[in-house]
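Heads up: the structure comes next, in structure tokens.
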Amino acid sequence: MKGGEVWLTRLDPTEGSEIRKTRPCLIVSPDRLSHHDIFIIAPMSSGDAKARFRIEVEFQGRAGRVLPDQVRAMVKNRPIRRLGRQDDEALYQVLSGLRLMFEPD
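Per the working numbering, the very first residue in the sequence shown carries number 1; after that it's consecutive.
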């Protein structure tokens, strides 16, 4: 699994307001960490509300958003199958959204 790839991923079980279900997720881990058993993902959704750090993307002909505010670490057995790859610009925007989220006010 490499940064920028999109994998169909089982997010359940979840708690509280964590995004649920099996859905496409963008790998945001740097490639240099791909040998670890844990990687970092940002879920994708076609129905969540806009926010300045949520990145609008098109993937496989569908409009949606990558949700950096729902980023999480996952073990490598959660992904089901590789769906494709997001373009480098979308990955850059997501990583910039993560930086924006973690900047002090």
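A virtual CB, placed ideally from N, CA and C, is assigned to each residue, including glycine.
Do you know whose CA, among M74, W7, V28, T14, lies nearest A90's CA? As a first step, residue 90 must be located in the sequence shown, where it is residue number 90. Checking every option, the nearest Cα to that of A90 belongs to V28.
F102 - DSSP class collapsed to helix/strand/coil: The residue labelled residue 102 in the question sits at position 102 within the sequence shown. F102 falls in the helix class under three-state DSSP.
Beta strand (DSSP E) segment containing F59, residue limits: Taking the sequence shown and counting its residues from 1, one reaches residue 59 at position 59. Taken as a continuous stretch (DSSP letters only), the beta strand (DSSP E) holding F59 covers 55–59.
For a minimum of 3 consecutive residues, which ranges assigned as the beta strand (DSSP E) are wholly contained in the segment 23–52? 38–45
Ends of the beta strand (DSSP E) at I80? Position 80 of the sequence shown holds residue 80. 79–85 is the extent of the beta strand (DSSP E) around I80.
Based on the DSSP output, what are the partners of V66 in its beta bridges? Counting from 1 along the sequence shown, the entry for residue 66 is found at position 66. Note: V66 sits in a beta bridge opposite M44, I55.
Pull up the distance between the alpha-carbon of R20 and that of A42, whole angstroms please. Counted from its first residue, the sequence shown places residue 20 at position 20. Counted from its first residue, the sequence shown places residue 42 at position 42. Rounded to whole angstroms, R20 to A42 spans 12 Å at the Cα level.
Give every residue of the same chain whose Cβ lies closer than 8 Å to the Cβ of V6, excluding the five residues on either side of it in the sequence, and list them in chain order. Position 6 of the sequence shown, counted from the first residue, corresponds to residue 6. The answer, listed in chain order, is P24, C25, L26, I27, M44, F59, R82, L83, G84, R85, Q86.
Would you mind working out which of P79, V75, R78, Q70 sits nearest L98, comparing C-alpha positions? The residue labelled residue 98 in the question sits at position 98 within the sequence shown. For L98, the nearest C-alpha among the options comes from Q70.
Does the Cβ of V57 have 16 or more other Cβ atoms within 10 Å, making it buried, or fewer, making it exposed? Here residue 57 corresponds to residue number 57 of the sequence shown, with the count starting at 1. It is buried - the Cβ of V57 has at least 16 other Cβ atoms within 10 Å.
Closer than 7 Å by C-beta to M101: which residues in its own chain qualify, once you throw out the five before and the five after it? Chain order, please. Within the sequence shown, numbered from 1, the residue matching residue 101 stands at position 101. Around M101: F53, P68, D69.
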